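The block underneath contains the structure these notes are about, expressed in structure tokens.
Here it is, written out as structure tokens:
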């Protein structure tokens with residue numbers, strides 16, 4: 002069956018997810034694009050996949066159909082003329098998958114590992130890039146403060162690629178929840194003064210490494226919880242790196258440190 | 002004198018720079034924002050500074066006026082109502098500085114150092130971020146292929162901050178100009194197969210390190226010119242990093258390598 006009318010009930014329901022409020026209420030987010038949908042289906046089954054008639058006969062769509070467990074995932078074919086109103090992506094490829102939220106809320110059960118804490122980060126591109134680097138450098142999880150940019154913002158999703166399904170992501174309501182982890186983890190913040198160069202830092206222990214807000218840095222609350230401070234050595238003329246770059250270099254060093262130790 | 006009319010000749014001239022063609026023809030680019038204009042005036046004198054009447058009495062504007070050499074730079078005050086048509090920035094702060102292009106074209110006289118070659122990079126945010134990291138990690142210069150995104154694209158400028166004035170940037174017409182540098186430099190490309198981990202790479206020599214296009218990687222032409230290949234070790238599940246992150250990690254390692262050697 003192909004949906005041809007904008008009055009169709011399922012069409013109207015899917016169109017509602019353009020609205021952030023409906024995404025929040027139903028805890029559903031969207032991923033677009035043939036390649037990324039095909040890749041992510043293997044990670045997690047979507048609830049719905051909307052496919053435009055303009056691409057329904059492509060070989061790649063047949064492959065996606067074969068990968069889908071149709072007892073869980075519903076595929077909806079939509080007349081090309083009305084498909085574009087389901088998305089705000091320019092030049093949509095013609096496929097959207099709808100997934101349940103994937104983040105966790107309870108950090109009380111994390112006991113060991115290397116984590117990145119994003120302390121009110123605001124730029125969607127930075128968040129997406131950090132998730133991608135976190136997967137590349139085998140980070141155990143990313144913790145987002147509630148004030149950090151929406152994880153399910155379409156720009157974040159586009160820049161994470163499929164990594165969003167392969168990285169443990171936590172969103173915490175209150176920063177003081179981190180206090181409960183202080184026995185098991187070193188909380189580390191980036192700072193310019195009285196800080197240790199990451200060239201020399203000992204990354205052996207369980208660590209929660211904080212990356213601060215793009216404009217204001219690490220918040221006072223997290224700064225006061227931190228037991229150690231590190232910096233990335235750089236030219237005197239410049240006093241900060243892009244947040245994604247700074248986070249990625251820290252993750253790269255943590256990963257390298259672990260690999261060198263295990264040699 | 003305050004420009005009050007859109008018929009004013011200078012106003013019309015400045016407004017023309019919204020157009021890429023006029024920017025190219027006159028070799029002029031724009032920087033916006035009080036903080037960044039103040040910082041960049043110390044690096045290089047702009048030709049013009051347009052200031053909106055809404056901010057002309059601020060203390061920071063007086064400081065900028067005092068820093069300006071008025072034999073070279075012309076300050077133009079513009080009625081707030083018509084100022085916004087000079088820019089496509091939403092929520093403009095009310096100040097725009099106009100500078101001559103700063104890139105160089107002749108790479109034949111570079112003889113030593115660490116350089117980054119951007120091989121048809123397309124994303125303005127990536128280019129801006131790489132310029133910022135290049136300053137942080139004291140890279141000797143960045144070489145852009147002609148097909149790389151426009152250096153003077155407003156998004157590039159916003160993300161470089163003032164680093165654009167403090168990093169040597171070259172734009173080359175043809176990739177084969179790099180062949181002339183092969184005697185003095187190792188040309189290094191990133192690659193997955195038959196490549197050396199950057200953990201172990203010897204960064205002692207003069208190096209031109211290539212970062213490829215976001216979608217297609219390093220071009221065949223540059224690949225064939227390369228004498229060495231490196232990779233950033235990462236999880237098997239992911240096969241690339243964001244271009245800015247990859248470039249920045251390479252620059253970080255080059256800088257660290259140099260500092261450790263000179264110890």
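Protein chains in written order, with the numbering used here: chain S, 2 to 264; chain B, 2 to 264.
All C-beta atoms, glycine included, are put in the ideal place defined by N, C-alpha and C.
Predicted model, so just to flag it, every value in this text is computed and none were measured.
Would you call residue 193 of chain B buried or exposed, if buried means 16 or more other Cβ atoms sit within 10 Å of its Cβ?
Numbered from its first residue, the second chain carries residue 193 of chain B at position 192. The residue is exposed, with fewer than 16 neighbouring Cβ atoms inside 10 Å.
Out of B:104, B:179, B:94, state which residue places its alpha-carbon closest to the alpha-carbon of residue 28 of chain B.
Here residue 28 of chain B corresponds to residue number 27 of the second chain, with the count starting at 1. Ranked by Cα distance from residue 28 of chain B, the options B:104, B:179, B:94 are led by B:104.
Chain S within 9 Å of residue 250 of chain B, Cβ atoms only:
Sequence index remark: in the second chain, residue 250 of chain B carries index 249 (1-based). It does; some Cβ of chain S falls within 9 Å.
Under 9 Å between C-beta atoms, does residue 51 of chain B make it to chain S?
Position 50 of the second chain holds residue 51 of chain B. Answer no: the Cβ-Cβ gap between residue 51 of chain B and chain S never drops below 9 Å.
Identify the contact partners of residue 246 of chain S in chain B, using a Cβ-Cβ distance below 7 Å as the criterion.
By one-based count along the first chain, residue 246 of chain S stands at place 245. Under the 7 Å cutoff, chain B gives 130, 134, 245, 246, 249.
Determine the chain B residues that contact residue 242 of chain S at a beta-carbon separation under 8 Å, and present them in chain order.
Taking the first residue of the first chain as 1, we reach residue 242 of chain S at position 241. Simply 133, 134, 137, 249.
Closer than 7 Å at the beta carbon, the chain S residues around residue 235 of chain B:
As a working mapping, residue 235 of chain B is identified with position 234 in the second chain. Neighbours of residue 235 of chain B in chain S, taken as residues whose beta carbon is under 7 Å from its own, are 137, 138 in chain order.
How close, in whole Å, do the beta carbons of residue 123 of chain B and residue 150 of chain B come, if the pair is a contact with beta carbons under 8 Å?
Working through the second chain from its first residue, we reach residue 123 of chain B at position 122. Working through the second chain from its first residue, we reach residue 150 of chain B at position 149. A Cβ-Cβ separation of about 5 Å places residue 123 of chain B in contact with residue 150 of chain B under the 8 Å criterion.
Can a CB atom of chain S be found closer than 9 Å to the CB of residue 214 of chain B?
Position 213 of the second chain, counted from the start, is the residue given in the question as residue 214 of chain B. No, because no Cβ of chain S sits closer than 9 Å to the Cβ of residue 214 of chain B.
Tell me which residues of the stretch 73–94 of chain B have at least one Cβ-Cβ distance to chain S shorter than 7 Å, keeping chain order.
Cβ contacts with chain S come from no residue of the stretch 73–94 of chain B.
Below 9 Å between beta carbons is the criterion; list the residues of the stretch 162–194 of chain B that meet it against any residue of chain S, in chain order.
Result list: 162, 163, 164, 167.
Let me see if you follow: with CB-CB separation under 9 Å, is residue 256 of chain B close to chain S or not?
As a working note, residue 256 of chain B is residue 255 in the second chain. True, the Cβ-Cβ gap to chain S drops below 9 Å.
Is the beta carbon of residue 230 of chain B closer than 9 Å to that of residue 263 of chain B?
Here residue 263 of chain B refers to the residue found at position 262 when the second chain is read from its first residue. Here residue 230 of chain B refers to the residue found at position 229 when the second chain is read from its first residue. Not a contact, by the Cβ cut-off of 9 Å.
Min CB distance residue 63 of chain S to chain B below 9 Å
To locate residue 63 of chain S, count along the first chain from 1; it is residue 62. It does not; no Cβ of chain B falls within 9 Å.
Could you tell me the alpha carbon to alpha carbon distance between residue 33 of chain S and residue 81 of chain S, rounded to whole angstroms?
Walking along the first chain from the start, residue 33 of chain S turns up at place 32. Walking along the first chain from the start, residue 81 of chain S turns up at place 80. Note on geometry: alpha-carbon atoms of residue 33 of chain S and residue 81 of chain S lie some 15 Å from one another.
Under 9 Å between the Cβ atoms of residue 125 of chain S and residue 93 of chain S?
The residue given as residue 125 of chain S occupies position 124 in the first chain. The residue given as residue 93 of chain S occupies position 92 in the first chain. No, the Cβ-Cβ distance between residue 125 of chain S and residue 93 of chain S is not below 9 Å.
Top-ranked residue by Cα proximity to residue 139 of chain B, from B:110, B:260, B:224, B:86
As a position in the second chain, residue 139 of chain B is number 138, starting the count at 1. Comparing Cα positions, the closest option is B:260.
In chain order, which continuous runs of the beta strand (DSSP E) of length 3 or greater are located wholly inside the stretch 62–129 of chain B?
Segments of the beta strand (DSSP E) lying fully in the stretch 62–129 of chain B: 75–79, 96–101, 115–119.
Going by DSSP, what residue range makes up the beta strand (DSSP E) through residue 51 of chain S?
Counting from one through the first chain, the residue named residue 51 of chain S turns up at place 50. Counting along the chain, residue 51 of chain S sits inside the beta strand (DSSP E) bounded by residues 49–53.
Would you call the CB atoms of residue 186 of chain B and residue 169 of chain B closer than 9 Å?
Working through the second chain from its first residue, we reach residue 186 of chain B at position 185. Working through the second chain from its first residue, we reach residue 169 of chain B at position 168. Not in contact: residue 186 of chain B and residue 169 of chain B (Cβ atoms no closer than 9 Å).
For residue 132 of chain S and residue 212 of chain S, which I take to be in contact (beta-carbon distance under 8 Å), what is that distance rounded to the nearest angstrom?
Translated into the one-based positions of the first chain, residue 132 of chain S becomes position 131. Translated into the one-based positions of the first chain, residue 212 of chain S becomes position 211. Incorrect: roughly 12 Å between the Cβ atoms, too far for contact.
Any Cβ of chain B within less than 9 Å of the Cβ of residue 158 of chain S?
In the first chain, the residue the question calls residue 158 of chain S occupies position 157. Chain B, which has no Cβ nearer than 9 Å to the Cβ of residue 158 of chain S, makes this no.
Beta carbon proximity, residue 261 of chain B to chain S, threshold 9 Å
Counting from 1 along the second chain, the entry for residue 261 of chain B is found at position 260. Yes, its Cβ sits closer than 9 Å to a Cβ of chain S.
Below 8 Å, how does it come out for the stretch 96–114 of chain B and the stretch 217–227 of chain S: are there three or more Cβ pairs, yes or no?
Result no; under three Cβ-Cβ pairs closer than 8 Å.
Of the listed residues S:16, S:239, S:49, nearest to residue 98 of chain S (C-alpha basis)
In the first chain, the residue the question calls residue 98 of chain S occupies position 97. The candidate whose alpha carbon is nearest that of residue 98 of chain S is S:49.
Give me the residue from S:13, S:155, S:165, S:2 with the minimum Cα distance to residue 42 of chain S.
Along the first chain, read from residue 1 onward, the residue named residue 42 of chain S stands at position 41. Comparing Cα positions, the closest option is S:165.
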